[in-house]
Amino acid sequence: MRAPEPGAEIDGFRLGERLHTGTMAWIYRLLGPGGPLPLVMKIPRLGPGEPAINVISFEQCRMVLGALAQGPHYPTLVAYGDVETTPYLVMEYVEGRPLSEWMREAPCAADAVAALGAKLALALHEIHRQDVIHLDLKSANVLYRPGGEATLVDFGLAHHGHFPDLLAEEVRTPVGNWEYMSPEQIVGVRCDPRSDLFALGALLYELATGRLPFGQPRSLAQLRRRLYLDPAPPRALRAAVPDWLQEVILHCLEVDNRSRYASAAEVAFDLANPAQVPRTERASRSARAGWLQTFGRRMSAGSFEPAPCPPLSSQAAPAPIVLVALASGPDDETLYEALRSAVRRLCASDGRCRIACATVVPRR
Amino acid sequence: MRLRWALSHRLRHGGPPAVTLTGEGDAATATGRHIRHLVELRRWARPLELAEERLTYHVLESEKPAAALIDYASVNEVDQILVGAARGGRDLAAQVAAGAPCSVTVVRARPQD
């Protein structure tokens, strides 16, 4: 499928300038009779040569954005088209400066890094409070509004703790930005908000030093290196990085999720109060771990298993999930109806139950 | 409410012909096949008349259906699995029941009396 041209009309919306061409979707401004509207349309890339994950990611994005309460830290979902007929999402156009513009100027001064990081941490805390994890943080996905608040965009790979995860089982190679990806995401875990804190640490590292903490991995083997090879301490690359900032960054980048900050709010607090950051060995580290220690870590990295995800923040027990397995073969209407009767009986006894309808199809 | 606001911004005047994003349900493409399976799942669920937020649809790609369903149930902490009884051939229901981390109900269609 070719990218629709600006000026085209989709389901009554008029496309304006194309803002972004991603691997999974395109983003356009929308036009009204008097010029651009404060809206964008996201259109998934479908058709020959495009992978099925584009559809899954579209559905995931719609589900997550639709479930978030209105707020400044993510775009408001305004309308959407059905994936069967006209798949698109219409969202608020977020006016703001992307973090990538600061990244181009990196290394940045410590107070600028702390200010940007604290705002981003508050945005993360807000989505984590609602049991949403972004899982694809990068500098292009963070915008700073004129008022200063950080806004997260692109929830196509996000996880919502209240719903079955559309991406969990369907995706084999780790999806998301490899440069900032947490160790647990590398092994397929998508339910830990501390994964976003790892990515936050990697972004702060890059802002403060101008370098990526784990380089640009090109293969799974290179991606897995961060399970045993620690990044060079920021102060070893750039002496101007203060010890408290190194402490915060390396605290976020701990391989063991339990050793990281427990919440984004704590990161925001530390970045806003440098004098109160408790300095540990991390603050004074001047070199990577020695070869012997790295060798030992590498030996155990093969069996790396992250600690379990923390419980959901909402107190209510999650609604029970019923998985209905439907054959992908020829329809058997009597059996289909029998399955529906069974679902109706279950839902009658528990009004909260969620139904996950699944079919298994051969890979091609 | 939010939706209505957006609809009021829709354009009514003429211009270039409307673009259709449909026709992508083409079985020759990976995205098209995926959408077709999603459509089938939705068709099955429509008569349930459940609120949209209570339903999710998953097209799992695997050569091993039972293993894929069991994996899915473990990762998503599924409480119960409903699976149709097979009429001959490999018995998916039995395989799922043997390995699932939760209760499995095998549903059988009974001829109407």
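Going down the list, the sequences are from chains F and A. Reading the first sequence from the start, the letters are residues 1 to 364 in this note's numbering. Reading the second sequence from the start, the letters are residues 365 to 477 in this note's numbering. The C-beta atom is built at its ideal place from N, Cα and C for all residues, glycine as well.
Check                                                                                                                 : Outcome
Where Val360/F meets chain A, residues with beta-carbon distance less than 7 Å                                        : Leu424, Ser426, Pro429, Ala432 and Leu433
Residues bridged to Gln444/A (per DSSP)                                                                               : Val322/F and Ser467/A
Neighbouring residues, chain F, relative to Asp443/A (Cβ below 7 Å)                                                   : Pro320, Ile321 and Val322
DSSP-derived helix/strand/coil call for Met103/F                                                                      : helix
Test item: CB-CB of Gly448/A and Ala168/F under 8 Å                                                                   : no
Proximal chain F residues relative to Pro411/A, where beta-carbon distance stays under 7 Å                            : Arg340
Proximity to His128/F [Cα-Cα], best of Ser100/F, His160/F and Ala109/F                                                : His160/F
Inter-residue spacing [alpha-carbon to alpha-carbon] between Arg238/F and Met1/F                                      : 46 Å
Coil, strand or helix - Cys108/F by DSSP                                                                              : coil
Buried versus exposed, by CB contacts within 10 Å (16 or more), Asp111/F                                              : exposed
The segment 87-95 of chain F touching the segment 20-40 of chain F, judged by at least three CB pairs closer than 8 Å : yes
Phe163/F at chain B interface by Cβ criterion, 8 Å                                                                    : Chain labels in this structure do not include chain B; the protein chains are F and A.
Enclosing beta strand (DSSP E) for Thr151/F [first to last residue]                                                   : Ala150 to Leu152
Local conformation of Val255/F per DSSP, three classes                                                                : coil
Separation of Thr395/A from Leu220/F, as counted between CA atoms                                                     : 25 Å
Chain-ordered chain F contacts of Ala437/A [CB-CB under 7 Å]                                                          : Leu323
8 Å CB neighbourhood of Leu19/F in its chain, flanking five on each side removed                                      : Ile27, Tyr28, Arg29 and Val40
Chain A contact residues for Leu166/F, given Cβ-Cβ distances below 9 Å                                                : Thr420, Tyr421 and His422
Euclidean distance between Cα positions of Thr334/F and Ala473/A                                                      : 6 Å
Of the listed residues Cys466/A, Val439/A and Ile434/A, nearest to Leu456/A (C-alpha basis)                           : Ile434/A
According to DSSP, residues forming a beta bridge with Val423/A                                                       : Thr359/F
Residue range of the unbroken alpha helix (DSSP H) whose run includes Tyr436/A                                        : Pro429 to Val439
Inter-residue spacing [alpha-carbon to alpha-carbon] between Val78/F and Ala391/A                                     : 31 Å
Close Cβ partners of Gln185/F (< 7 Å) along its chain, the five nearest in sequence each way excluded                 : Leu135, Pro174, Gly176 and Ser195
Contact with chain A by Ile355/F, beta-carbon distance below 8 Å                                                      : yes
Anticipated Cβ contact below 8 Å, Tyr80/F with Arg104/F, distance rounded                                             : Actually they do not touch by this definition, with Cβ atoms about 33 Å apart.
Chain A residues whose Cβ lies nearer than 7 Å to that of Asn54/F                                                     : Thr395
The alpha helix (DSSP H) enclosing Val64/F, as first and last residue numbers                                         : Ile53 to Ala67
For Val113/F and Ser440/A, the rounded distance between their alpha carbons                                           : Just to set this straight, residue 440/A is Asn in the shown sequence, not Ser. Going by the C-alpha atoms only, they are around 37 Å apart.
Neighbour flag for Ala473/A against chain F, beta carbons, 8 Å                                                        : yes
Sheet register partners of Lys138/F (DSSP bridge)                                                                     : Beta-bridge pairing links Lys138/F to no other residue.
Simplified DSSP state of Thr21/F, which is helix, strand or coil                                                      : strand
Any C-beta of chain F under 8 Å from that of Gly463/A                                                                 : no
Val187/F vs Phe304/F beta-carbon contact at 8 Å                                                                       : yes
Member of Asp230/F, Arg344/F and Glu337/F whose CA lies at the smallest distance from the CA of Arg288/F              : Asp230/F
Min CB distance Arg344/F to chain A below 8 Å                                                                         : yes
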